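Protein chains in written order, with our numbering: chain A, 34 to 227; chain B, 34 to 227. Note that CB positions come from ideal geometry on N, CA and C, so glycine has one too. Remember, it's a predicted structure, so these values are computed and weren't measured experimentally. Notes follow once the structure below has been shown.
Number of protein chains: 2
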Amino acid sequence: MGLGILADGINEVIATTADPATGVPNAAPMGIIARRGRTMMRLFHGTHTEANIRASGWVVANLTFDPMVYVQSAFADLPGGSFTEISVDGIPMQRLFACEAWEAFTTTIVSDNPETLVVELTPVAAEILGLQPHPPNRAFAGIIEATVHATRYVVTRDPTLWALIEQAGEVVRKCGGEECVAALDLLLKYCQEK
Amino acid sequence: MGLGILADGINEVIATTADPATGVPNAAPMGIIARRGRTMMRLFHGTHTEANIRASGWVVANLTFDPMVYVQSAFADLPGGSFTEISVDGIPMQRLFACEAWEAFTTTIVSDNPETLVVELTPVAAEILGLQPHPPNRAFAGIIEATVHATRYVVTRDPTLWALIEQAGEVVRKCGGEECVAALDLLLKYCQEK
Chain A
34 MGLGILADGI NEVIATTADP ATGVPNAAPM GIIARRGRTM MRLFHGTHTE
84 ANIRASGWVV ANLTFDPMVY VQSAFADLPG GSFTEISVDG IPMQRLFACE
134 AWEAFTTTIV SDNPETLVVE LTPVAAEILG LQPHPPNRAF AGIIEATVHA
184 TRYVVTRDPT LWALIEQAGE VVRKCGGEEC VAALDLLLKY CQEK
Chain B
34 MGLGILADGI NEVIATTADP ATGVPNAAPM GIIARRGRTM MRLFHGTHTE
84 ANIRASGWVV ANLTFDPMVY VQSAFADLPG GSFTEISVDG IPMQRLFACE
134 AWEAFTTTIV SDNPETLVVE LTPVAAEILG LQPHPPNRAF AGIIEATVHA
184 TRYVVTRDPT LWALIEQAGE VVRKCGGEEC VAALDLLLKY CQEK
């Protein structure tokens with residue numbers, strides 16, 4: 034990846050995109066898969082991220098350790114002022130305003146199945162804005178786990194997923210600071226509402 | 034915490050200590066609890082970390098994202114050359130050579146029960162050596178989870194813990210790069226051997 038911010042494996046970043054017709058930005062937690070020198074994203078149909086990438090051909094991976102951003106962007110819109118525009122090779126793109134680093138990619142459709150759209154990512158720009166020390170924390174990891182499962186749970190209501198959310202929630206309450214616990218509470222609210 | 038590297042909640046760092054009589058260093062994954070302005074560690078009796086802290090009165094928290102270091106230091110000794118000496122207020126301490134940041138603490142015994150020794154930590158020095166971007170990765174988090182459970186599993190052989198190790202292992206294989214998968218394989222080897 035050279036100057037990029039991604040590591041080998043699945044990078045659980047906040048993906049920012051925009052509707053090229055309206056300029057309206059969107060953020061969502063997404064897994065970016067980096068393996069054997071290739072970088073891919075698997076997108077479910079019907080999401081803003083999928084529609085925006087299909088229409089614009091770009092996505093920005095944002096590095097943030099704010100658990101609330103993972104939960105809010107998974108289930109709702111981020112507050113106004115969460116985004117800022119960047120120009121990459123003359124293309125206006127959107128990144129998170131409060132991220133520690135970002136990497137922009139152009140996208141090429143690899144497969145377009147009834148279930149998912151798979152795109153390959155080509156890095157075009159990256160910037161380290163200010164890395165902070167983030168000691169590994171089981172609670173932050175638990176928020177990521179709970180968010181992954183909850184985005185499917187609100188659609189399927191699968192009790193197996195609910196059990197995984199509760200399991201992650203226990204770890205969040207045991208190991209988390211106030212930020213993680215507040216993010217968990219919001220996540221559980223979204224699980225009940227939808 | 035001011036200039037420190039820890040965040041609110043339980044910080045899963047690599048703790049380095051040394052036997053003040055022999056100077057022999059030790060490393061082990063430890064949870065450092067930062068809550069309401071206090072920083073604490075709960076140590077099980079009979080470990081090198083507990084004996085060294087009791088005898089020396091200091092511990093260093095090391096920030097690393099090398100999954101192999103978590104597994105190796107949990108179950109065995111790190112290879113030669115893994116440590117480097119630092120002098121803090123005239124006290125020789127040991128940190129990991131290959132860490133991104135470290136923070137040194139003096140320790141005060143808060144409680145000394147039959148089960149655990151609890152010490153309060155007072156920060157005395159910290160250094161950011163070079164922070165790298167580490168996008169959240171469920172596989173790295175899975176190695177931390179599996180290590181936490183495995184250190185107890187090798188003592189108790191509790192099948193509930195084994196189920197949690199297997200669950201974390203699945204996530205590591207699904208989301209991890211080669212480094213995480215190699216660390217998982219080593220962890221499973223230690224679980225079978227001991």
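> Is the CB of Pro192/B under 8 Å away from at least one CB in chain A?
Replying inline: It does not: the Cβ of Pro192/B has no partner Cβ on chain A nearer than 8 Å.
> Listing by chain order, which chain B residues have their CB less than 8 Å from the CB of Ile177/A?
Replying inline: Correct list: Pro169, Arg171 and Ala174.
>> In chain order, what are the residue ranges of uninterrupted alpha helix (DSSP H) at least 4 long that sit wholly in the region 188-227 of chain B?
In response: Uninterrupted alpha helix (DSSP H) stretches at least 4 residues long and entirely within the region 188-227 of chain B occur at 192-208 and 211-226, given in chain order.
> Applying a beta-carbon distance threshold of less than 8 Å, which residues of chain A neighbour Asn44/B?
Replying inline: Going along chain A in sequence order, the residues near Asn44/B (Cβ under 8 Å) are Pro168, Pro169 and Asn170.
> Would you call the CB atoms of Ala137/A and Asn85/A closer than 8 Å?
Replying inline: In terms of Cβ geometry, Ala137/A and Asn85/A do not form a close pair [threshold 8 Å].
>> Looking at the secondary structure, which residues open and close the alpha helix (DSSP H) in which Asn146/A lies?
In response: For Asn146/A, no alpha helix (DSSP H) encloses it, and the DSSP letter there is neither H nor E.
> Of the choices Tyr103/B, Phe98/B and Leu76/B, whose alpha-carbon is the least far from that of Asp145/B?
Replying inline: If we check each option's Cα against that of Asp145/B, Leu76/B comes out closest.
> In this structure, does DSSP put Gly113/B in helix, strand or coil?
Replying inline: Gly113/B falls in the coil class under three-state DSSP.
> Which two residues bound the contiguous beta strand (DSSP E) that contains Val46/A?
Replying inline: Secondary structure note for Val46/A: its beta strand (DSSP E) is the uninterrupted segment Gly42 to Ala51.
> Span of the alpha helix (DSSP H) holding Phe108/B?
Replying inline: First-last of the alpha helix (DSSP H) with Phe108/B: Pro100 to Phe108.
> Can you tell me whether Glu160/B is buried or exposed, with buried defined as 16 or more other CB within 10 angstroms of its CB?
Replying inline: Around the Cβ of Glu160/B, a 10 Å sphere holds fewer than 16 other Cβ atoms; the residue is exposed.
> Which one of Ala172/A, Pro169/A and Val121/A has the shortest CA to CA distance from Pro156/A?
Replying inline: Distance check between Pro156/A and each of Ala172/A, Pro169/A and Val121/A places Val121/A closest, using alpha-carbon atoms only.
>> At the level of alpha carbons, what is the spacing between Pro100/A and Val204/A?
In response: Approximately 14 Å, taken between the alpha carbons.
> Who are the Cβ neighbours of Pro125/A in its own chain at under 8 Å, not counting the five residues just before and after it?
Replying inline: Taken in chain order, the residues that qualify are Ala51, Gly56, Glu118 and Ile119.
> Gly42/A: buried (16+ other C-beta within 10 angstroms of its C-beta) or exposed?
Replying inline: Gly42/A counts as buried, since no fewer than 16 other beta carbons sit within 10 angstroms of its beta carbon.
> Taking the beta strand (DSSP E) that Asn95/B falls in, what are its first and last residues?
Replying inline: Here the beta strand (DSSP E) through Asn95/B covers Trp91 to Leu96.
>> Which residue wins for smallest C-alpha separation from Leu221/B, given the options Asn170/B, Arg87/B, Gly209/B and Val187/B?
In response: Comparing Cα positions, the closest option is Val187/B.
>> Distance check for Thr140/A and Glu153/B, CA to CA, integer angstroms please.
In response: Roughly 51 Å separates the two Cα atoms.
> Run through DSSP, which three-state label would Asn170/A get?
Replying inline: Three-state result, Asn170/A: coil.
> Thinking C-alpha only, which one of Phe173/B, Pro58/B, Glu212/B and Glu226/B is nearest Ser89/B?
Replying inline: Nearest option by C-alpha distance: Pro58/B.
> Is there contact here, the region 208-225 of chain A with the region 92-111 of chain B, by at least three beta-carbon pairs under 8 Å?
Replying inline: Pairwise C-beta distances place the region 208-225 of chain A out of contact with the region 92-111 of chain B, as fewer than three of them are shorter than 8 Å.
>> With a threshold of 8 Å between beta carbons, is Glu211/B in contact with chain A?
In response: Yes, its Cβ sits closer than 8 Å to a Cβ of chain A.
>> Can you tell me where the beta strand (DSSP E) holding Arg71/A begins and where it ends?
In response: Arg71 to Phe77 is the span of the beta strand (DSSP E), which, as asked, contains Arg71/A.
>> Once DSSP output is grouped into helix, strand and coil, what is the label at Ile38/A?
In response: Shown here, Ile38/A sits in coil according to DSSP, grouped into three states, outside any helix or strand.
>> Could you check whether the Cβ of Cys208/A sits closer than 8 Å to any Cβ belonging to chain B?
In response: At least one chain B Cβ lies under 8 Å of Cys208/A.
> What's the C-alpha gap between Asp110/B and Val102/B?
Replying inline: Between Asp110/B and Val102/B, the C-alpha separation is close to 10 Å.
>> Rounded to whole angstroms, what is the Cα-Cα separation between Met34/A and Asn44/A?
In response: Legend: pLDDT at Met34/A = 40, less than 50; position of this residue unreliable, value from coordinates given subsequently. Answer to the nearest angstrom: the Cα atoms are 13 Å apart.
> Is the beta carbon of Ala40/A sitting closer than 8 Å to the one on Ala61/A?
Replying inline: Contact: no.
> Whose C-beta lies closer than 6 Å to the C-beta of Gln105/B among residues of the same chain, with five residues either side of it excluded?
Replying inline: Answer for Gln105/B: Leu111, listed in chain order.
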